[in-house]
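Report on the structure given below.
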Amino acid sequence: MNLTGRYQGPQQERLLLGLPAAVLAALELGGYNTTGTLCQTAGLAMTSATRGAFLAQASALFTPLLAACLGMPPSRALWLSCLLGLAGTLVIAADPGAHAALGRWPALPGGTARTAGLAGAAPAPRPLGDALIVAAAACYSAATVRIPVWAVQRRVPPLQLALGKSAVLAAASCAALGLAAARGASRGQPLAALWPGWRQPQGWGLILWSALGPGALSTFLHIKGQSLVSPAAAQVAFASVPLWSALLAAVALPGEAVSRGTWLGGALIAAAGLVAALAQRRGAGGAPSASSSTPG
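In this note's numbering, the protein residues as written are 25 to 320.
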């Protein structure tokens with residue numbers, strides 16, 4: 025269906041500036057993903073991984089609100105889930121327990137602390153980290169609302185969406201690297217100063233895993249799933265993200281603290297996701313839509 029209301033068949037239509045739908049989708053979804061990734065990366069340098077994972081579930085609040093703004097008002101049960109998600113986010117933001125863990129984080133090889141500063145440096149103020157994580161959740165929610173529009177209504181193949189979204193993020197990362205390298209060169213600093221530990225294989229292994237696992241694979245599965253699976257089934261899986269994050273953080277990050285307030289807030293957010301899933305299962309029944317929510 026083109027802008028004049030005429031059906032064009034299976035081929036992709038051209039929209040703004042004559043660009044194909046796949047290109048516009050890549051620019052839009054990639055923009056949301058790039059902004060969300062930058063906010064989340066900066067935010068995780070100022071708070072714990074578990075706390076950040078719980079706060080990222082504020083997308084359970086943002087996604088229905090954005091969907092309502094686009095003419096898809098949620099049901100009463102979904103609004104209840106929004107309130108539960110907001111309550112959980114506020115509980116986590118007000119919890120002082122996780123903040124103490126920042127000072128106990130050990131330094132990585134090469135003298136870099138996990139707070140992205142120098143070993144032993146005081147952590148940045150936690151409210152800023154919380155705000156950045158919540159901003160990232162809003163970006164991910166915007167992408168979640170728009171993915172079904174491009175995948176289902178505009179018929180852009182999920183693989184093209186995943187590749188385009190990742191390409192925009194890669195281009196933005198290369199541009200940021202170029203700017204940082206140029207700034208360092210103007211100050212007489214070598215390129216290696218941007219990453220003092222670049223000779224260490226552990227760092228390259230983490231980057232490779234992040235690119236292939238949580239990056240490329242999860243992006244494709246997310247977009248493919250939202251074009252095939254009902255929001256109710258997806259939301260049940262999304263509600264378990266904070267729990268998996270807490271378990272992985274406890275195993276991979278020694279000293280990671282999970283306070284009672286963080287667990288309480290996470291439980292409220294998980295309950296919000298389950299309420300939304302049950303409401304959609306009783307209602308819409310199963311067609312993919314823009315009302316499911318997840319970070320990234």
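Glycine included, each C-beta is placed from N, C-alpha and C at the ideal position.
inquiry  = Taking the beta carbon of residue 301 as the centre, do at least 16 other beta carbons fall within 10 Å, making it buried, or is it exposed?
reply    = buried
task = For residue 319, count neighbouring Cβ atoms within 10 angstroms of its own Cβ and tell me buried if that reaches 16, exposed if not.
result = Reliability of the predicted coordinates at residue 319 is poor, the pLDDT of 42 falling under 50, and no value is obtained from them.
message = Using 7 Å as the threshold, is the C-beta distance between residue 46 and residue 184 below it?
response = yes
message = Counting C-beta neighbours from all protein chains within 10 Å, is the total for residue 193 16 or more, i.e. buried, or is it exposed?
response = It is buried - the Cβ of residue 193 has at least 16 other Cβ atoms within 10 Å.
Reference residue 158; option with closest CA among 287, 211, 200, 62 = When the alpha-carbon of residue 158 is set against those of 287, 211, 200, 62, the nearest one is in 62.
request  = Taking only runs that begin and end inside the segment 144-211, name each unbroken alpha helix (DSSP H) of 4 or more residues, in chain order.
outcome  = 150-172, 182-210
key: Per-residue burial, residue 180 [other beta carbons within 10 Å of its own, 16 or more giving buried]   = buried
ask   = Thinking C-alpha only, which one of 83, 94, 95 is nearest residue 107?
value = 83
ask   = Applying the criterion that 16 or more other CB atoms from any shown protein chain within 10 Å of the CB defines a buried residue, is residue 171 buried or exposed?
value = buried
request  = Give me the Cα-Cα distance between residue 295 and residue 114, rounded to the nearest whole angstrom.
outcome  = 15 Å
query = Residues in its own chain within less than 6 Å of residue 68 by CB, not counting five upstream and five downstream?
reply = 76
ask   = Beta-carbon separation of residue 293 and residue 109 under 7 Å?
value = yes
ask   = Whose C-alpha, out of 202, 70, 166, 118, is nearest the C-alpha of residue 58?
value = 166
CA-to-CA distance, residue 50 to residue 189, given in whole angstroms = 5 Å
Burial state of residue 169 (16 or more Cβ within 10 Å) = With 16 or more neighbouring CB atoms inside 10 Å of its own CB, residue 169 falls in the buried class.
ask   = Looking at the structure shown, is residue 286 part of a helix, part of a strand, or coil, going by DSSP?
value = helix
request  = Measure how close the beta-carbons of residue 79 and residue 161 come, nearest whole angstrom, since I'm counting them as under 8 Å.
outcome  = The beta-carbon separation of residue 79 and residue 161, rounded to 7 Å, stays under the 8 Å limit for a contact.
request  = Check whether the Cβ atoms of residue 112 and residue 289 lie closer than 7 Å to each other.
outcome  = yes
task = In angstroms with no decimal places, state the Cα-to-Cα distance between residue 133 and residue 221.
result = Note that residue 133 scores a pLDDT of 36, beneath 50, so its modelled location is shaky; the value from the coordinates is reported in the next line. Using only the alpha carbons, I get a separation of about 7 Å.
inquiry  = Less than 7 Å between CB atoms is the rule here; does residue 66 satisfy it with respect to chain B?
reply    = Here chain B cannot be found, since the structure has a single protein chain.
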